[in-house]
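Below: the structure, in structure tokens.
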Amino acid sequence: MSTVPMWQATGIGSHPGEDHLEAIRVVFGEVPGLPYLPELPARGVGADMVGRTAGLLIDLPVEVQPSGWRLSDRPGRDHQRALDHMRRDLDGLEEIAHDYAGPLKLQACGPWTLAGAIELKHGDKLLADAGAVRDLTASLAQGVADHCAEVRRRLPGVTEIVLQLDEPGLPGVLAGTVPTASGFGRLAAVEGWKVEESLRLFDAPVVHCCAPSVPFALLRSAGVRGVSVDASLLRRRDDDTLGELFEAGMVLFMGVVPGTETRLPGPAAVAGPAVELWRRLGFAPDRLATQVVLTPACGLAGATPRYARAALAACEKAAQVLRDDPANGRQAG
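Quick note, the sequence shown lines up with residues 0 to 332 if you use numbering that gives the first Met the number 0.
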């Protein structure tokens, strides 16, 4: 079984504010086992999840219309803004983490959420056109691969890149609840095998989905490396499917602290949902810290910078509880 005992804790991706250098410092300081390149959507157009990822697409330029992002004939100002934000972030990453050695997580919007958010040139959502979705997925897979290669060039000490695909829209895609561009109808449900096929184009990603009804069985069949979920949305009926996920050697990223301001409990309480799940499934305690990674429930863009730092620190301390005392989650000391 493939395990990753050093990951322990990480964040989802987004951070508050516009200071990318400070966000990178916070990430590498608070979750050193699996740091990541933070995203700062408060910077505006091209820094949002969709625009940031659209800037990675190969030969599919985009622009912003009143209705949102749309394919365009040629790269324009909005496309350039996305590229500028990413270049600035990578420069900052290289400056702060130039001597870093270890794994690094990179995030991108997944193909199905992206297809439900970007419009074709004539105004329909890209998701409505199966051929366009195939083109988008291939373009995204190549763009993400190029992005990962650039990060490796800039940070030669990175031992592996953990790719996270953000797919909050995937349950709606599968259920046929994604609205049309007009908002008056719904796009047809996508067959599961098409989703599986598309995800295989990426290099064993971790799929993040903070929406209800995460398709665990489909993601396992697609061969993804792990699944990232909000722990508060997990139900007892998910236990069997989660057990199969763990048996397959996959990793569960559990969102155990809220993404927005709240009073954070101690490490043992933060680790509680993971300990409880593991007990119910009946796996050996020493496997817990190798197959569960603790994270905030979702991105931290809606929090204050102070809380964002505290949330990551809480996940890291709780992960130490899982590592040091996996049998019962007691807080050492």
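The C-beta atom is built at its ideal place from N, Cα and C for all residues, glycine as well.
With distances taken Cα to Cα, identify the nearest neighbour of residue i among the options.
i, options, result
"Thr179", "Arg279, Glu166 and Gly115", "Gly115"
"Ala270", "Ala53, Ile160, Gly171 and Val255", "Val255"
"His121", "Trp68, Leu105 and Ala203", "Trp68"
"His19", "Asp88, Glu29, Thr112 and Ala216", "Asp88"
"Val150", "Leu119, Gln106 and Ala127", "Gln106"
"Ala46", "Ala187, Ala300 and Ala203", "Ala300"
"Phe201", "Arg185, Gly101 and Gly222", "Gly222"
"Ala174", "Leu139, Ala210, Tyr306 and Val157", "Ala210"
"Ile117", "Leu103, Lys104, Asp134 and Pro102", "Asp134"
"Arg153", "Lys316, Leu56 and Asp90", "Asp90"
"Ala140", "Ala296, Glu21, Phe252 and Leu59", "Leu59"
"Arg76", "Ser66, Ala302, Pro272 and Gly54", "Gly54"
"Lys104", "Val274, Arg305 and Phe252", "Phe252"
"Ala333", "Ala268, Cys208 and Phe282", "The shown model of the chain, from 0 to 332, leaves out residue 333, and the question about it has no answer."
"Ser231", "Pro272, Gly265, Pro266 and Ala247", "Pro272"
"Glu190", "Val172, Leu70, Ser212 and Thr136", "Val172"
"Pro65", "Val44, Gln79 and Gly156", "Val44"
"Glu159", "Lys316, Asp72 and Gly101", "Gly101"
"Gly156", "Leu125, Asp128 and Leu92", "Leu92"
"Ala129", "Leu276, Gly265, Ala267 and Ala188", "Ala188"
"Arg234", "Ala127, Arg279 and Pro266", "Arg279"
"Ala247", "Leu263, Ala268, Gly265 and Phe282", "Phe282"
"Cys314", "Arg185, Ser138 and Ala268", "Ala268"
"Asp229", "Arg73, Val206, Phe245 and Ser71", "Val206"
"Trp277", "Arg305, Gly242, Gly265 and Pro266", "Gly242"
"Ala127", "His78, Leu186 and Gln79", "Leu186"
"Ala317", "Val274, Leu70, Leu125 and Asp123", "Val274"
"Asp123", "His78, Leu198, Val177 and Val291", "Val177"
"Leu125", "Arg305, Gly184, Leu70 and Pro266", "Leu70"
"Val161", "Pro266, Val250 and Gly298", "Val250"
"Leu244", "Arg199, Val291, Arg80 and Ala312", "Val291"
"Pro266", "Ala312, Asp72, Gly298 and Gln79", "Ala312"
Could you name the residues that DSSP lists as bridge partners for residue i?
i, result
"Glu38", "Ser13"
"Asp165", "Cys108 and His207"
"Glu196", "None, per the DSSP bridge assignment."
"Gly254", "Asp229 and Thr294"
"Ala8", "Leu293"
"Glu62", "Arg69"
"Gly178", "Reading off the sequence shown, one finds Pro at residue 178, where the question assumed Gly. Note: Pro178 sits in a beta bridge opposite Arg185."
Kindly give me the distance between the Cβ atoms of residue i and residue j, rounded to whole angstroms, as I take these residues to be in contact under 8 Å.
i, j, result
"Asp165", "Gly109", "6 Å"
"Arg42", "Glu62", "About 18 Å separates the two Cβ atoms, so there is no contact after all."
"Glu32", "Trp6", "The identity of residue 32 in the sequence shown is Gly, whereas the question assumes Glu. 6 Å between Cβ atoms; contact."
"Gly182", "Thr112", "So it is not a contact: roughly 18 Å between Cβ atoms."
"Pro214", "Gln163", "That belief does not hold up - the Cβ atoms of Pro214 and Gln163 are roughly 17 Å apart, past 8 Å."
"Leu293", "Ala8", "5 Å"
"Ala307", "Val25", "7 Å"
"Leu119", "Ala137", "No, Leu119 and Ala137 are not in contact; Cβ-Cβ is about 16 Å, not under 8 Å."
"Ala310", "Leu263", "7 Å"
"Ser212", "Pro170", "4 Å"
Q: Assess, as a yes-or-no matter, whether the segment 49 to 56 is touched by the segment 81 to 89 under the definition of 3 or more beta carbon pairs within less than 8 Å.
A: yes
Q. Between the segment 88 to 103 and the segment 131 to 145, do three or more beta carbon pairs fall short of 8 Å?
A. no
Q | Meets three-Cβ-pair contact criterion under 8 Å: the segment 4 to 13 and the segment 32 to 48 | A | yes
(Q) Please give the ranges of any beta strand (DSSP E) in the segment 96 to 160, keeping only runs that are unbroken, at least 3 residues long and fully inside the region. (A) 101 to 108
Q. Do the segment 232 to 247 and the segment 259 to 269 touch if we need at least three Cβ pairs shorter than 8 Å?
A. no
Q. Using 8 Å as the Cβ pair cut-off and three pairs as the minimum, do the segment 206 to 225 and the segment 187 to 195 touch?
A. yes
Q. Is it a yes or a no for the segment 304 to 321 touching the segment 279 to 294, going by three-plus beta-carbon pairs under 8 Å?
A. yes
Q: Could you tell me which uninterrupted alpha helix (DSSP H) segments, each at least 4 residues in length, are contained entirely in the segment 260 to 309, listed from first to last along the chain?
A: 266 to 280 and 287 to 290
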